[in-house]
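Engineer:
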Amino acid sequence: MGEDRQAVARGGVVRELFPRPTILVGLGTLLFAAAVPGVIPIFYTFLATDIMILALFGLSLNLLLGYTGMVSFGHAAYVGVGGYAAGLLFLRAGVPAAAAYLLGPVAAALAAMLFGFFAVRLSAVYFAMLTLAFQMIVYTIVFKWRSLTGGEDGLRGLRPAESLQGPIADYYWSLGVVALCALAMYVLVNSSLGYTLRAIRENPVRTQHMGVNVRLHQWIAFVIAGFFAGIAGVILAFSKGSMFPEYVYWTAAADPILVAVLGGMHAYLGPVVGAVFYRLMVYLVGRYTEYWPLVEGAILVLVAITMPQGIIGFLQRLRGGRARATPAARAAGRPEAFAPRRAPQSRSRPADGRKEVLRVVELRKHFGGVRAVDGVSLSVEEGKVHAIIGPNGAGKSTLFNMLTGYLQSDAGQVFFYGREISQLPPHAIIGSRISRTFQITSILKGLTAYENVLIALLARRRRTLDCLTPAKGLAVEDTWRLLELVGLSGQADQISGFLSHGDQKRLELAIALANDPVLLLLDEPTAGMAPQERLESVQLVKRIARQEGLTVLFTEHDMDVVFSAADRITVMHQGRILADGGPEEIRSDDRVQKVYLGVSV
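Under our numbering, the residues of the sequence shown are numbered 1133 to 1733, in order.
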């Protein structure tokens, strides 16, 4: 991309990230918030401060819950670590208040770093329960260690200089800190890292097969969320002048989940809206009835039923649905075609001089007594379209899963250009320029077609940890080029889960191509397609393979597809290689006819 066009694209994205209406609304909201203490009774200033703390708490958790898809029942632990660490440094160690404010969140981030290292190795309910267990450990420490934390009496006297005391001062410094944190998280969730976290939320397996180290990114998100929760803890401690164990009790972890769900987990301001709604509801209901828990519960159930996407999602639906903005980067233009590129120089050649891209040696995978893959050996030549066929249960998909690291083999070796990749994790294998599609289409269904391809390109370019640059300012031309290559440029802004089955297959192919692969593995690429779609899909793959100089290894049940596309065919049966050769050799092989094709072929 030329520098001038890159500048246009980036300028457009910055305007999209901070459009004038957003800036005006943001400044207006900030000015309104700044004027609040002068127009409301002093009590409501306390309430407004509590709302801001809860909003920040909810925003930090939503980085895990709404953006990464990780349910944490122990996020209040980091509020406690941040608040208690800052308070102890201020009271016990004599550290100045300003330094304590900074060190408290750092302590929370360190705790999240240590605990998260182990927690992200688990998934779903096990991850959630482990986070709850950690919170209860923190609660037990602050409750029982009276000599240090004050136990149930709490840590008191957390007041800085006289000039910073009082509800008005608490309100303004809380407003400033929360506003800065909200801005920082807004930039983060719209950066390359933020989009990568969305991909993990939508489909961790596909994200891993884009070349992303999913656990590393989950860990980083966990640490960042812990850091911002620690800031909320520091504000809580110094605005109230104390820290109590109840702030870390397991029930406290429900608040950020509640406000995120109420406001809308997939909307950035969802936790903020949820915090305002929840705190005002609790105050108003508690003011007018002694049965406030019952009324609150009924209101929350009603909101959950009528607004499953949260308050913001409900408002968007009233406006006629969320319109996906066309990426501002379209200003960069759309190139007309891919420039062909060469595969890397081969490092391993068979004796006859042909280049060998992939070599599989005695690969085995057993599931109990079932020998899914039983001593498979094969060679894939550079620039060829190589098909693997066989009846259901022959071991084709299991073989593919081992080739890309999704399953670890029990025995055997896999070499890619002479380098063994048998024991590498999926993201490392994909990073070697091997790409794949799945038998059951695997895409990021909650994101647009454009975002699917964009994230795959960010992964290829090692930009997934960039937390500052707006994601849509990157890889603009290549994203459009890939979408055009597979015929989806007209549906770039369509949520991919709403695309037709055939278009989803095309999108998955574009995702695989974003890795700039040398070897492309396609697991039943025409499965579920109508006859015309199958023909178009085969022609597309052949054209791309020729244009891009790709080596293609694919599995397929449709014999018309196999014989029209493949240069070489390997037949599997009961986990073993039954036959290997050119299309005519396979067509005339008696064993293949009896086992798979049928004598009429």
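C-beta atoms are modelled at their ideal positions from N, C-alpha and C, and glycine is treated no differently. Given the structure is predicted, the values throughout are model-derived calculations rather than measurements.
Per DSSP, Met1704 is paired with what?
Structural biologist: According to DSSP, Met1704 bridges with Ile1709.
Engineer: Who are the near neighbours of Val1724 in its chain, counting only those whose CB is closer than 6 Å to its CB and skipping five residues on each side?
Structural biologist: Closer than 6 Å at the Cβ level, and outside the excluded window around Val1724, lie Val1703, Ala1711, Ile1718.
Engineer: Using a Cβ-Cβ cut-off of 7 Å (strictly less than) and excluding sequence neighbours within five positions of Ile1300, which residues of its own chain qualify?
Structural biologist: These residues qualify, in order along the chain: Pro1169, Thr1177.
Engineer: Assess, as a yes-or-no matter, whether the segment 1579-1587 is touched by the segment 1651-1661 under the definition of 3 or more beta carbon pairs within less than 8 Å.
Structural biologist: Contact between the segment 1651-1661 and the segment 1579-1587 is absent, because fewer than three Cβ pairs lie under 8 Å.
Engineer: Taking just the CA atoms, how far does Gly1629 sit from Val1321?
Structural biologist: Distance between the alpha carbons of Val1321 and Gly1629 is about 21 Å.
Engineer: Enumerate in chain order the residues of its own chain whose CB-to-CB distance from Gly1713 is below 8 Å, with the five nearest sequence positions on each side excluded.
Structural biologist: Within the same chain, Gly1713 has close Cβ partners Arg1700, Ile1701, Asp1721.
Engineer: Mind reading off the beta-carbon distance from Val1404 to Val1417? Whole number of angstroms is fine, and I expect it under 8 Å.
Structural biologist: Their Cβ separation, rounded to whole angstroms, is 21 Å, which puts Val1404 and Val1417 out of contact at 8 Å.
Engineer: May I have the straight-line CA-CA distance separating Leu1149 from Val1512, to the nearest angstrom?
Structural biologist: When rounded, the distance between both Cα atoms is 46 Å.
Engineer: Our contact map puts Ala1361 next to Phe1499 with C-beta atoms below 8 Å; I'd like the distance itself, whole angstroms only.
Structural biologist: Their Cβ separation, rounded to whole angstroms, is 42 Å, which puts Ala1361 and Phe1499 out of contact at 8 Å.
Engineer: With C-beta atoms as the reference, is Gly1669 less than 8 Å away from Thr1658?
Structural biologist: According to the sequence displayed, residue 1669 carries Ser and not Gly. Yes, the Cβ-Cβ distance between Ser1669 and Thr1658 is below 8 Å.
Engineer: Closest to Leu1620 by C-alpha separation, out of Val1585, Glu1488, Pro1602, Arg1551, would be which residue?
Structural biologist: The candidate whose alpha carbon is nearest that of Leu1620 is Val1585.
Engineer: Across which residues does DSSP place Glu1422 in a beta bridge pair?
Structural biologist: For Glu1422, which the question treats as bridged, DSSP gives no partner whatsoever.
Engineer: If Ile1185 sits next to Leu1368, beta carbons under 8 Å apart, how far is it from one beta carbon to the other, in whole angstroms?
Structural biologist: The Cβ separation is near 5 Å, so the contact holds.
Engineer: Spatial neighbours of Leu1672 within its chain, please: CB distance less than 8 Å, with the 5 preceding and 5 following residues excluded, ordered by chain position.
Structural biologist: Within the same chain, Leu1672 has close Cβ partners Val1618, Gly1619, Arg1638, Leu1641.
Engineer: In this structure, what does DSSP give as the bridge partners for Ile1627?
Structural biologist: DSSP lists Thr1580 as partners of Ile1627.
Engineer: Run through DSSP, which three-state label would Ile1566 get?
Structural biologist: In the structure shown, Ile1566 sits in a strand (DSSP, three-state: E or B).
Engineer: Excluding sequence positions up to five away, which residues of its chain have a Cβ less than 7 Å from the Cβ of Val1238?
Structural biologist: For Val1238, where only same-chain residues beyond five positions count, there are no Cβ hits under 7 Å.
Engineer: What residues match up with Met1375 in a beta bridge as DSSP calls it?
Structural biologist: Paired residue(s): Leu1287.
Engineer: Can the beta-carbon of Ser1255 be found less than 8 Å from the beta-carbon of Arg1595?
Structural biologist: Taking 8 Å as the Cβ cut-off, Ser1255 and Arg1595 do not qualify as a contacting pair.
Engineer: Which residues in the same chain as Pro1336 place their Cβ atom closer than 6 Å to its Cβ, once the five residues preceding and following it in sequence are excluded?
Structural biologist: Closer than 6 Å at Cβ, skipping near neighbours: Val1346.
Engineer: By a C-beta neighbour count over all protein chains shown, 10 Å radius and 16 as the cutoff for buried, is His1349 buried or exposed?
Structural biologist: Result: buried.
Engineer: Of the residues Met1397, Gly1215, Arg1333, which one's Cα is nearest the Cα of Met1375?
Structural biologist: Nearest option by C-alpha distance: Gly1215.
Engineer: Tell me which same chain residues have a C-beta within less than 7 Å of the C-beta of Val1309, skipping the five on either side of it?
Structural biologist: Excluding residues within five positions, the ones whose Cβ falls inside 7 Å are Ile1363, Ile1367.
Engineer: Can you check which of these residues, Asp1625, Gly1282, Gly1212, Thr1573, is closest to Phe1359 by C-alpha distance?
Structural biologist: Considering only alpha carbons, the answer is Gly1212.
Engineer: Report all residues from its chain with a CB closer than 6 Å to the CB of Leu1412; omit the five preceding and five following residues, and keep chain order.
Structural biologist: No residues qualify anywhere along the chain.
Engineer: Which same chain residues end up closer than 8 Å to Tyr1318 when comparing Cβ atoms and leaving out the 5 residues on each side of it in sequence?
Structural biologist: Here the set comprises Tyr1400.
Engineer: Quickly, what does DSSP pair Lys1497 with across the bridge? List them, please.
Structural biologist: Paired residue(s): Val1505.
Engineer: Between the C-alpha atoms of Pro1557 and Ser1564, what's the straight-line distance to the nearest angstrom?
Structural biologist: Those two C-alpha atoms are separated by around 11 Å.
Engineer: On the DSSP bridge list, what partners appear for Arg1551?
Structural biologist: Paired residues: Phe1548.
Engineer: Which same chain residues, not among the five before or five after Arg1288, have their C-beta less than 8 Å away from its C-beta?
Structural biologist: So the qualifying residues of the chain are Gly1282, Gly1373, Ser1374.
Engineer: What number of angstroms, rounded off, separates the C-alpha of Pro1153 from the C-alpha of Gly1660?
Structural biologist: Going from the Cα of Pro1153 to the Cα of Gly1660 covers about 45 Å.
Engineer: Where Gly1134 and Ala1407 are concerned, what is the direct C-alpha to C-alpha distance, given to the nearest angstrom?
Structural biologist: In this predicted model, Gly1134 has a pLDDT of only 44, less than 50, meaning its place in the structure is not dependable; the value taken from the coordinates is given anyway. Cα to Cα, Gly1134 sits roughly 45 Å from Ala1407.
Engineer: Would you say Leu1535 and Val1517 are within 8 Å of each other, going by their C-beta atoms?
Structural biologist: In this structure, Val1517 does not lie closer than 8 Å to Leu1535 by Cβ.
Engineer: Could you round the C-beta distance between Asn1647 and Ala1588 to whole angstroms and report it? I think they count as a contact, below 8 Å.
Structural biologist: That pair is a contact at about 7 Å.
Engineer: Which residues mark the beginning and the end of the alpha helix (DSSP H) in which Ala1316 is found?
Structural biologist: Looking at the DSSP string, the run of the alpha helix (DSSP H) that includes Ala1316 is 1299-1321.
Engineer: Restricting to Cα atoms, I'd like to know which of His1705, Thr1683, Gln1706 is closest to Ala1698.
Structural biologist: Nearest C-alpha to Ala1698: Thr1683.
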